[in-house]
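Heads up: the structure comes next, in structure tokens.
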Amino acid sequence: MDATRRQAQLGTQTIQLTGFVPRPGERLRAKFTIPAARRADRPLTTEDLCRGLILVSTLPNIHKHACLSQIVDLEERSRALSEPLRIVHVSADHESYWQEVDQFHPNIQAAGYSLYSADPTSRGAFVTAFGVGVEGHHRIAHGLFLLREGMFLKSEVPTDQMQSVEVTQFLRDSARCLMTAERSAIGRHS
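The opening residue of the sequence shown carries number 133 in my numbering; numbering runs sequentially from there.
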């Protein structure tokens, strides 16, 4: 297995995830355009993720409970962070699957984007940059990624893909990352 592949579990099946999970301090350099699916009037681009504090959520299948849970939990629990952030969900599903989110969870404000209709180059660039590709399949892995001004602060892609990322713990860890970054910035300017 080469360095761009890692194993994960999908129930009893072992799958190969492709791409590198970004490390803290790495800059997002991939170029992509991901079509809008809900609450967005234009596609998601690399440049959009390089402005402000962004939490990117990757979702393999919106119809599954783990994906809906990740969407709802992020919306509810992200308010506890000291800094306002923008949440962006990217799914492997066709954009029409987002209608279920609108139907059952109309208060969700985060924008949703669909890799299903993305051109192959953009899709490949995104899944490689975030380390969420699944070898031989159109699905992507569950993941959460915190970026500030295009720099990754925290990334998590669980090895058990039947579960979503533990949102509460990810947000706690993100809050610590943000406090550490703030202290570092204050130290540099004093």
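Where a beta carbon is used, it is the ideal one built from N, C-alpha and C, also for glycine.
Through-space distance from residue j to residue i, alpha-carbon basis
| i | j | result |
| --- | --- | --- |
| I272 | L303 | 22 Å |
| P216 | P154 | 22 Å |
| W230 | G282 | 26 Å |
| D180 | L191 | 19 Å |
| S189 | T312 | 22 Å |
| I194 | N239 | 16 Å |
| P156 | H237 | 32 Å |
| E208 | G244 | 16 Å |
| G256 | G265 | 8 Å |
| S306 | H269 | 30 Å |
| A261 | G151 | 6 Å |
| T146 | Q295 | 14 Å |
| R218 | G143 | 31 Å |
| A224 | L213 | 28 Å |
| D251 | P175 | 12 Å |
| A140 | E267 | 11 Å |
| S249 | R138 | 26 Å |
Reduced DSSP category for residue i - H, G, I as helix; E, B as strand; rest coil
| i | result |
| --- | --- |
| M294 | coil |
| G265 | strand |
| L278 | strand |
| A257 | helix |
| A307 | helix |
| F284 | strand |
| I240 | coil |
| I194 | coil |
Residue of the options minimising C-alpha distance to residue i
| i | options | result |
| --- | --- | --- |
| L310 | S249, L187, L149 and L247 | L187 |
| S201 | L247, Q141, T260 and V297 | V297 |
| I203 | A250, L278, H221 and S306 | H221 |
| T300 | R138, R211 and D292 | R211 |
| V259 | T178, G143, R174 and T144 | T178 |
| R159 | R174, C182, S228 and D251 | C182 |
| D205 | T253, T291, Q293 and L276 | L276 |
| G263 | Y248, T291 and A242 | T291 |
Anticipated Cβ contact below 8 Å, residue i with residue j, distance rounded
| i | j | result |
| --- | --- | --- |
| S246 | H274 | That belief does not hold up - the Cβ atoms of S246 and H274 are roughly 16 Å apart, past 8 Å. |
| R280 | L185 | 5 Å |
Below-8 Å beta-carbon distance, residue i vs any chain D residue
| i | result |
| --- | --- |
| P192 | No chain D is present in this structure, which holds just one protein chain. |
Given 8 Å as the limit, is there contact between the region 162 to 173 and the region 282 to 297, that is, 3 or more CB pairs closer than that?
-> no
Assess, as a yes-or-no matter, whether the region 168 to 176 is touched by the region 224 to 243 under the definition of 3 or more beta carbon pairs within less than 8 Å.
-> yes
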